[in-house]
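Okay, so here's the structure we're looking at.
In the working numbering, the protein residues as written are 12 to 142.
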């Protein structure tokens, strides 16, 4: 221990630089695993939605499948930076399709606003909208 009461080679918080890097790496690993989990569940929910919509299932079943898929899309939003640009665009297209299927609610409007926010505005240029 040094005169401040911390172990030699550690910062004021008691962790060494190596421990901080290890913690940051673990945090990043958990984030990547969460993104993969959400992507897999969203993909599964999207396939379920598409099959119910194609089979002309009851409106309630289609709406429930759309809502479930949109919830997984929403969980993917904070980790979108881990996805490729193509995957981010596909996620946005899926979300817009789902929002178009669901009745207009405050929650749906907030999700739409999040996708159209300045943070994501580079995806919504006149060129991309005309495609």
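Using N, Cα and C, we set each Cβ at its ideal position, and we do this for glycine too.
| Item | Value |
| --- | --- |
| Would you report the Cα separation of residue 140 and residue 103, rounded to the nearest angstrom? | Residue confidence is low: residue 140 scores 45 on pLDDT, short of 50, so the model does not pin down where it sits. Its coordinate-derived value is still stated next. Residue 140 and residue 103: Cα-Cα distance of roughly 12 Å. |
| On a CA-only basis, which of 38, 122, 116 is nearest residue 81? Give me that one, please. | 122 |
| Hey, out of 64, 54, 40, 37, whose CA is closest to residue 113's CA? | 64 |
| At the level of alpha carbons, what is the spacing between residue 107 and residue 92? | 19 Å |
| Can you list, in chain order, the residues of its chain whose CB lies under 6 Å from that of residue 110, leaving out five sequence neighbours each side? | 119, 123 |
| Any idea what DSSP makes of residue 89, helix, strand or coil? | helix |
| For the alpha helix (DSSP H) that residue 26 lies in, which residues bound it at each end? | Segment: none, residue 26 is in no alpha helix (DSSP H) and carries neither H nor E. |
| Going by the beta-carbon positions, is the gap between residue 90 and residue 57 smaller than 8 Å? | no |
| Which residue from 53, 34, 37 puts its Cα closest to that of residue 85? | 53 |
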